[in-house]
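The structure appears right after this line, and notes come after that.
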Amino acid sequence: ADIKNDFDAYDGKTLQAAGRIMSKRGMGKAIFCDIQDDRGQIQLYVRKDAVTEQEFADFRKYDIGDIIGVRGYAFKTKTGEISIHVQQVTLLSKSLRPLPEKFHGMTNTELRYRQRYVDLIMNPESKRNFQIRSRFVAYLRRYLDGLGFMEVETPVLSPIAGGATARPFITHHNTLDIDM
């Protein structure tokens, strides 16, 4: 994201970036892909003759959701898209489960609630809402703490047992049809 905001400072200079592969488009001896981190998204341009044969072969096998690190230089494509011309690529973390298709996203509301981690990766609006709520709750805690209030946690039913060897309390959630 810093590259996009101040391209002139990075134009043609060697840089490093890391992020989650969000989309990938093959064009014969070149591959375009978009990576995303917590600050934004940027396009990568990986040419077969710019990286080693092994790196290119491995890169072709990488999936949407994998986290990669790249070294290369910033440039603008013919269409004006700010990109990184990759000279070295490394797999940092393999995604064990595939992400939903980017075009359709997560349309099932119940699935979004049950798999918040996927929703936060795929939906920038959800992530922004959580960030706003988190900042608000942190501010409220600081404010009330400054006034001498004490925070008391309220127990919540969860499908995961919390005690090490204790026998868990089990109840049934009718709406979700699961034991908790």
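Heads up: the sequence shown begins at 3 in the working numbering, then just goes up one per residue.
C-beta: ideal position from N, C-alpha, C; glycine also.
Check, Outcome
"How far does the alpha helix (DSSP H) with G148 in it extend, from its first residue to its last?", "P126 to G148"
"Using 8 Å as the threshold, is the segment 36-43 in touch with the segment 20-28, meaning 3 or more CB pairs across them?", "yes"
"Beta-carbon separation of I86 and Q45 under 9 Å?", "yes"
"Is Y64 buried or exposed, if buried means 16 or more other CB atoms sit within 10 Å of its CB?", "buried"
"Per DSSP, what kind of secondary structure is V88 in: helix, strand or coil?", "strand"
"Helix, strand or coil for Y64 per DSSP?", "coil"
"When the Cα of F9 is compared with those of L149, Y75 and N125, which residue comes out closest?", "Y75"
"Counting only the same chain and skipping the five closest in sequence on each side, list residues whose C-beta sits under 8 Å from that of D181.", "P161, I172, T173, H174 and H175"
"How would you call I5, buried or exposed, if buried means at least 16 neighbouring beta carbons within 10 angstroms?", "buried"
"Between the C-alpha atoms of D179 and K50, what's the straight-line distance to the nearest angstrom?", "51 Å"
"With 16 as the cutoff for other CB atoms within 10 Å, does D68 come out buried or exposed?", "buried"
"Restricting to Cα atoms, I'd like to know which of C35, R73, Q43 and I66 is closest to A52.", "R73"
"Can you tell me whether I123 is helix, strand or coil according to DSSP?", "helix"
"Within 10 Å of its beta-carbon, does D13 have 16 or more other beta-carbons around it, so buried, or fewer, so exposed?", "exposed"
"So I66 and K129 are supposed to be a Cβ contact under 8 Å. How far apart are they, rounded?", "The Cβ separation is near 18 Å, so there is no contact."
"If I measure Cβ to Cβ from I33 and keep anything under 6 Å in the same chain, skipping five residues before and after, which residues do I get?", "V48"
"Hey, would you say L101 sits closer than 9 Å to I134, going by beta carbons?", "no"
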